[in-house]
Amino acid sequence: MLSSFLQYEFLRNALYTGLLIGFIGPLLGTFVVVRRLSLIADALSHVTLSGIAFGLMLDKKFGVGISPFYAGMSFSVIGSVFIEQLRRVYKAYQELAIPIILSGGVGLSVIFISLADGFNTDLFNYLFGSVTAVSRQDLWTILIVAVLVTSLIALFYKELFMLSFDEEHAVVSGIHARRIHFLFIVLTALVIAASIRIVGVLLVSALMTLPVAASIRIARGFKQAILLSIVFGEVSVISGLIFGYYFEIPPGGTIVVTSILILLVTIFVKQVIQRTRTKRVKT
């Protein structure tokens, strides 16, 4: 099946892009889930949608040739900055920042989509992903994002790990929590924006959370959870691309369904292991 993806350039672009986001999505998603910030992915994905709609509106109404992909990425990063600023404003209610930005993203999306004359094929591809929509330029951009995200996580792994599990101890240890928080949320925005071509805006948060949800059921440590989530993410993305291409459906849906199936399998395996251990203890 993968032979077809190596014959044509647009399919190679989709495959390579899928492999990259299948890696960086769960990699960063592990920290997102552990820090109980899963809804940030939803908020930033809706902000990304407003950027995409803004780019389409400029092209339709004013003939300004701004790529919706880069407009969405810009809006996502700006949205992440606003979330961090709102978290400082509402220190006692920091979780309010997420629904505020999510609501703003939805509102702007509706306005820009209406001004861009409603839904069209381009917007549909951004919403649910597309095998044919990834250009070579998009691939290079996503590669740069992947290298940047991986490098910074490797560089600040200790700080991110400590802030994820014990923020007070991390601050006492001398870690500048505010800077690390800002770096973390900007990286999350970049990963979400980079993933929209394959997974789609409305489903991108699933790629960052479902593989992680499956991995933490069977992993014995944090690093193992990261490794397993990446494996599950890659399996989901490759399966989604293959089925999306051969059945001519958006890959985002099949990626999410595959991730859910993997999650169900891990839950079942975990239950079997627990029952087996219980029987051994009784005997």
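Counted from 1, the sequence shown has number 108 at position 108 by UniProt numbering; the numbering is strictly sequential.
We put the CB at the ideal spot given by N, CA and C, even for glycine.
These figures come from a predicted structure and were not determined experimentally.
Backbone secondary structure at residue i - three-state DSSP
{"i": "Asp122", "result": "helix"}
{"i": "Val131", "result": "coil"}
{"i": "Tyr8", "result": "coil"}
{"i": "Gly79", "result": "helix"}
{"i": "Leu203", "result": "coil"}
Spatial neighbours of residue i in its chain, beta-carbon cut-off 6 Å, leaving aside the 5 residues before and after
{"i": "Ala154", "result": "none"}
{"i": "Leu58", "result": "Val64 and Ile66"}
{"i": "Ala170", "result": "Met162 and Leu163"}
{"i": "Gly129", "result": "Ile198, Val199, Gly200, Pro250, Pro251 and Gly252"}
Neighbourhood of residue i by C-beta, 8 Å cutoff - its chain only, sequence neighbours within 5 removed
{"i": "Val149", "result": "Ile24, Leu27, Leu28, Leu187, Leu190 and Val191"}
Beta carbon of residue i nearer than 8 Å to that of residue j
{"i": "Ser76", "j": "Thr48", "result": "yes"}
{"i": "Phe31", "j": "Leu160", "result": "yes"}
{"i": "Ala193", "j": "Gly55", "result": "no"}
{"i": "Leu123", "j": "Gly79", "result": "no"}
{"i": "Ser205", "j": "Ala41", "result": "yes"}
{"i": "Val131", "j": "Leu241", "result": "yes"}
{"i": "Ile218", "j": "Lys270", "result": "yes"}
{"i": "Phe82", "j": "Ile101", "result": "yes"}
{"i": "Val33", "j": "Ala213", "result": "yes"}
Proximity test, Cβ basis, 8 Å: residue i and chain C
{"i": "Gly252", "result": "Checking the listed chains, one finds no chain C in this structure; it contains a single protein chain."}
Close-in-space but distant-in-sequence residues of the same chain around residue i (CB under 7 Å, 5 per side omitted)
{"i": "Ser109", "result": "His46, Leu49, Ser50 and Ala53"}
{"i": "Arg35", "result": "Ser164"}
{"i": "Leu39", "result": "Ile98"}
Would you check if there are 3 or more beta carbon pairs closer than 8 Å linking the stretch 245 to 256 to the stretch 191 to 211? yes
Could you say if the stretch 254 to 268 and the stretch 225 to 241 meet the contact criterion of at least three C-beta pairs nearer than 8 Å? yes
Taking 8 Å as the cut-off, does the stretch 4 to 17 touch the stretch 133 to 147 (at least 3 CB pairs, one atom from each stretch)? yes
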